[in-house]
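Just so we're aligned, residue 0 is where the sequence shown starts under numbering that gives the first Met the number 0, counting upward by one.
Virtual Cβ for every residue (Gly too), placed ideally from N, Cα, C.
In this text the structure is predicted, and so the values were computed from the model without any measurement.
Down below is the structure, laid out as structure tokens.
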Amino acid sequence: MKKYGNCDFSYAGLKTSVRLCIEKNLGSAEGAGKRATVDLQQQAAAAAAAAADSAASSSSSAAADDQQQQQQMKADIAASFQKVAVQHLVMRLKRAITWAREECPELQHLVVAGGVASNQYVRQQVAQVAEASGMQLVVPPARWCTDNGVMVGWAGVERYRLGLVQPPAPQLPADGSPEWVELRPRWPLTSNKHAKSMPPVLSMKKPDKSVVSLTDLTQQELAARSAAAAAAAAAAAESSSEAAAIAAAAAGGVGVGS
């Protein structure tokens with residue numbers, strides 16, 4: 000939904016992209032790990048007793064490396080998802096602040112509540128938005144940042160006490176229909192008070208390729224993390240090789256001197 004100029008949220012496509020990424024990277028990695036374990040067991044059974052210790056050590060090292068790679072991949076996917084999801088939130092929040100100040104220029108406070116407010120990364124990014132907008136951020140302590148179902152229910156109680164209710168339709172004596180109250184399980188975030196907040200008119204036109212989607216952002220972030228990890232591993236390997244060469248040269252020098 001990034002290409003739509005409104006304040007609506009949708010993480011459906013992003014979650015699907017992350018699920019496919021997990022199946023592609025972790026699924027295949029786990030399968031390869033199981034196959035490697037079976038092969039190592041067969042080799043160990045056929046190996047000579049003298050090489051058993053060496054084979055076991057090699058197998059244990061390979062399994063540990065595979066597990067470490069999987070853990071790193073899980074962390075990278077989770078971090079990439081969180082970063083892109085919050086980017087989506089921040090983009091919508093900035094737009095909402097701009098529109099709100101068009102109707103209420105004196106707006107000075109930004110309130111973040113509910114379970115998502117307990118996320119420290121969300122707090123950090125929203126705090127930056129508030130500071131850049133010249134607003135004061137109001138966030139409850141983390142222990143009070145829970146599901147907002149009770150908050151919504153209590154807001155209903157307060158509105159009822161103030162008489163801000165819509166009375167149900169009277170019972171119709173003709174057919175005996177009971178009283179009813181209109182229920183809205185999904186309350187839209189859009190409003191006709193601001194034309195920009197109206198939902199977009201969908202069409203069959205091809206998507207605008209100039210707009211980077213949340214899925215693309217996630218893949219780019221994951222690719223960047225993988226590249227950084229590979230570069231770090233290569234640098235560590237090169238450093239280890241240099242250290243080994245220096246140690247070998249030093250050992251050779253000592254041998255000649257003695």
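Cβ-based neighbour list, residue i, same chain, cut-off 6 Å, excluding 5 preceding and 5 following
i	result
Leu106	Ala99 and Arg100
Ala129	Leu109 and Leu136
Leu201	Summary for Leu201: the model assigns pLDDT 43, below 50, so the residue's position carries little reliability, and this model does not support an answer.
Leu92	Val128
Beta-bridge partners of residue i, as assigned by DSSP
i	result
His108	Gln135
Helix, strand or coil at residue i according to DSSP, with G and I counted as helix
i	result
Thr15	helix
Leu88	helix
Thr97	helix
Gln127	helix
Val164	coil
Asn118	coil
Cys144	coil
Cys20	helix
Phe8	coil
Gly113	coil
Glu237	helix
N-terminal and C-terminal residue of the alpha helix (DSSP H) that residue i is part of
i	result
Val151	Gly148 to Arg160
Pick from the options that is closest to residue i, judged by C-alpha positions
i	options	result
Ala226	Gly4, Tyr3, Phe8 and Asp75	Asp75
Asn5	Glu237, Cys20 and Met90	Met90
Gln119	Cys144, Lys23, Ala154 and Thr97	Cys144
Thr80	Met150, Pro104, Gly152 and Arg224	The sequence as given places Phe at residue 80; Thr does not occur at that position. Nearest of Met150, Pro104, Gly152 and Arg224 to Phe80, Cα basis: Arg224.
Asp7	Gln67, Ala63, Arg18 and Ala95	Ala95
8 Å CB neighbourhood of residue i in its chain, flanking five on each side removed
i	result
Val121	Val85, Leu88, Val111 and Val115
Own chain, CB closer than 7 Å to residue i, minus 5 neighbours either side, in chain order
i	result
Val151	none
Pro139	Ala112 and Ala116
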